[in-house]
Amino acid sequence: MFEQAVLPARPLAGRYWAIGMATTGELLLVSFVVLAPMIWPQLLPRAQSMIRLTLSVEPSLAPKPFPIVHARPAMRPLQFRGPILIAPATVPARVPIIEDAPVPPGEFASGITGAGGPADLSHLGLGSLPQPLRLQPLSPPEAPKAVPAAEPPSTRAPIRVGSGVQMARLIKKVEPVYPAIAKQARISGTVELTGIIGADGRIRELRVLSGHPLLAKAALDAVRQWIYEATLLNGEPVEVIAPITVTFRLN
-3 MFEQAVLPAR
7 PLAGRYWAIG
17 MATTGELLLV
27 SFVVLAPMIW
37 PQLLPRAQSM
47 IRLTLSVEPS
57 LAPKPFPIVH
67 ARPAMRPLQF
77 RGPILIAPAT
87 VPARVPIIED
97 APVPPGEFAS
107 GITGAGGPAD
117 LSHLGLGSLP
127 QPLRLQPLSP
137 PEAPKAVPAA
147 EPPSTRAPIR
157 VGSGVQMARL
167 IKKVEPVYPA
177 IAKQARISGT
187 VELTGIIGAD
197 GRIRELRVLS
207 GHPLLAKAAL
217 DAVRQWIYEA
227 TLLNGEPVEV
237 IAPITVTFRL
247 N
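Counting in the working numbering, the sequence shown runs from -3 upward without gaps.
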């Protein structure tokens, strides 16, 4: 009999629908409660906080006494109290002039004399006064001895080679370095120089007389290092003016 019974399924579907509606409503209510303070903050009740302030009252301290400053009396300007000068009623017609007797030079009193003779100083415990010292005039200082003046060194002018003076013998010769620019330009020739050979045989002054500018500097640099044998004149070395020729050749 129950095998052919057919139960309607509608009440079960309605129950599910009611559960879903209730759950949705609860979620909406919870969401509203959470989001309402964020959207309408003025609806929240104002919280009143009570803070109890406790102030510690220290016992009143007695005021410190101020230091007593004693007023100093004002300094009064010093006043000179001396005898009052009074002008004489009359001026004498003649004023006596007191003249001291001149003391002879070289003589001094040996003691103190009074009206009745030499004064007695024994009661003062000073004893006899020492005799005055006689100062002798100092002798004039000796004149400093004259120092003989040193003889000035002989300033002999350099002698030119050729006027009875032979050319000094070359001891050290430095070959000039051929300039690379002059070598590339195929420049050759001679450079004429004149120089002063010192008494020690070294070149003291040097200048160019003629020659190509590209070769002149190399010639000067080399000749400045040359050393000659000292030229003697009457047994003394002298400076000589000598011509110097430097030749540049392309190999």
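Where a beta carbon is used, it is the ideal one built from N, C-alpha and C, also for glycine. As the structure is a computational prediction, the values presented were derived from the model and not from experiment.
The region 174 to 181 makes no contact with the region 217 to 235, as fewer than three CB pairs between them are under 8 Å.
For Ala164 and Gly231, the gap between their C-alpha atoms comes out near 14 Å. Straight across, the Cα-Cα distance linking Thr186 with Ala226 is about 26 Å. Rounded to whole angstroms, the gap between the alpha carbons of Leu31 and Ala18 is 20 Å. If you ignore the 5 residues before and after Arg245, its C-beta comes within less than 8 Å of the C-beta of Ser184, all in its own chain and listed in chain order. For Ala238, the enclosing beta strand (DSSP E) covers residues Val236 to Phe244. Membership of Leu216 in the alpha helix (DSSP H) is indicated by the continuous run Pro209 to Val219.
Per DSSP, reduced to three states, the secondary structure at Gly16 is helical. Here Ile177 carries a helix assignment [DSSP, helix/strand/coil]. Annotated three-state conformation of Leu202 is strand, per DSSP. Taking the Cα positions, Lys213 is about 50 Å away from Val143. In this chain, the beta strand (DSSP E) harbouring Gly191 covers Gly185 to Ile193.
Comparing C-alpha distances from Gly194 to each of Lys169, Gly207 and Pro154 shows the shortest one belongs to Pro154. Here Tyr224 is buried, its C-beta having at least 16 other C-beta atoms within 10 Å. Residues of the same chain with a CB within less than 6 Å of the CB of Pro98, apart from the 5 flanking positions on each side, do not exist. Where Thr227 is concerned, the enclosing beta strand (DSSP E) starts and stops at Thr227 to Leu229.
Glu232 sits in a strand when the DSSP states are folded into three classes.
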